[in-house]
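Structure first, then comments.
Residue numbers (my numbering), protein chains in the order written: chain A, 136 to 252; chain B, 16 to 131.
Quick look at the structure:
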């Protein structure tokens, strides 16, 4: 069975601060995929990034960056120079590649990020 | 534009009543999923379907039923057996295969179900 833990329930920052959202996962599979989704106040989940277990390269996309460390089973997400529009709930999720569970996402409990002007 | 349409956005259920949540996608995806989200919690899988006329129970299927008669449609029925149905329901779709199970799932806008 797999598990995703987001230890930070809520984070509050002031605009232009950098913020890091933590994600720790557990899985017995050697091949798996990690995701981050954003849920704005409107409710729909928006896909942000996908990372496979073979690729530990960090990734940067504009103000967003992701740090994948297999040794610590972590996949952390950093927003640089945060903006009010970044306020949302952020979910980390995991899919195992093999067996009968392929295609099934396991979500963390989410981190509520509030960016104040 | 391609996407997933969930309706209605808000739904109210009376005691003992079955209600059906609609989910339609025009992304030509094979797989569709239903998730439930409770306040302060992550999404939990209710049912999923990898192909037409086939579906599987997820982690919390009790009190729910689904059908998959068409590729683009995956309605979810919340039955009277579901004693605590108040939640936000998400429908998603993707094209996972055993080689490409990393394809991201695309989500609809969600349906918020409440008890009257």
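From the three backbone atoms N, C-alpha and C, an ideal C-beta is built for every residue, glycine too. All of these numbers come straight from a predicted model, not from anything done at the bench.
Contacts around residue i, its chain only, beta-carbon distance under 6 angstroms, and the 5 residues preceding and following it disregarded
i: residue 187/A; result: 168
i: residue 113/B; result: No answer about residue 113/B holds up, because its pLDDT of 48 lies below 50 and its placement is not dependable.
i: residue 200/A; result: 213
i: residue 39/B; result: 20, 87, 88
i: residue 75/B; result: 59, 61
Alpha-carbon spacing of residue i relative to residue j, whole angstroms
i: residue 45/B; j: residue 149/A; result: 43 angstroms
i: residue 87/B; j: residue 151/A; result: 42 angstroms
i: residue 153/A; j: residue 175/A; result: 19 angstroms
i: residue 144/A; j: residue 173/A; result: 14 angstroms
i: residue 230/A; j: residue 162/A; result: 9 angstroms
i: residue 70/B; j: residue 216/A; result: 44 angstroms
i: residue 42/B; j: residue 107/B; result: 11 angstroms
i: residue 28/B; j: residue 22/B; result: 14 angstroms
i: residue 99/B; j: residue 36/B; result: 16 angstroms
i: residue 202/A; j: residue 33/B; result: 45 angstroms
i: residue 121/B; j: residue 184/A; result: 12 angstroms
i: residue 197/A; j: residue 156/A; result: 16 angstroms
i: residue 18/B; j: residue 146/A; result: 31 angstroms
i: residue 105/B; j: residue 232/A; result: 22 angstroms
i: residue 67/B; j: residue 136/A; result: 27 angstroms
i: residue 81/B; j: residue 179/A; result: 21 angstroms
i: residue 160/A; j: residue 55/B; result: 19 angstroms
N- and C-terminal bounds of the beta strand (DSSP E) containing residue i
i: residue 39/B; result: 34 to 40
i: residue 69/B; result: 69 to 72
i: residue 204/A; result: 199 to 204
i: residue 240/A; result: Segment: none, residue 240/A is in no beta strand (DSSP E) and carries neither H nor E.
i: residue 163/A; result: Neither: residue 163/A is in no beta strand (DSSP E) and is coded neither H nor E.
i: residue 227/A; result: 223 to 231
i: residue 108/B; result: 102 to 109
Status (buried if at least 16 other CB within 10 Å, exposed otherwise) for residue i
i: residue 243/A; result: buried
i: residue 246/A; result: buried
i: residue 181/A; result: exposed
i: residue 119/B; result: buried
i: residue 50/B; result: buried
i: residue 204/A; result: exposed
i: residue 52/B; result: buried
i: residue 57/B; result: buried
Cβ of residue i within 9 angstroms of any chain D Cβ
i: residue 172/A; result: The structure shown contains no chain D; its protein chains are A and B.
Close Cβ partners of residue i (< 7 angstroms) along its chain, the five nearest in sequence each way excluded
i: residue 221/A; result: 214, 248, 250
Short Cβ contact (9 angstroms threshold) for residue i with residue j
i: residue 60/B; j: residue 73/B; result: yes
i: residue 170/A; j: residue 228/A; result: yes
i: residue 252/A; j: residue 219/A; result: yes
i: residue 48/B; j: residue 240/A; result: yes
i: residue 109/B; j: residue 83/B; result: no
Neighbourhood of residue i by C-beta distance below 8 angstroms, restricted to the same chain and skipping five residues each side
i: residue 31/B; result: 95
i: residue 24/B; result: 124, 125, 126, 127
i: residue 158/A; result: 139, 140, 141, 169, 171, 209, 210, 211, 212, 227, 243
i: residue 166/B; result: Since the displayed chain B opens at 16 and closes at 131, residue 166/B lies outside it and no answer follows.
i: residue 97/B; result: 77, 78, 79
i: residue 90/B; result: 35, 36, 37, 38, 81, 82
i: residue 193/A; result: 200, 201, 202, 203
i: residue 26/B; result: 34, 36, 126, 127, 128, 129
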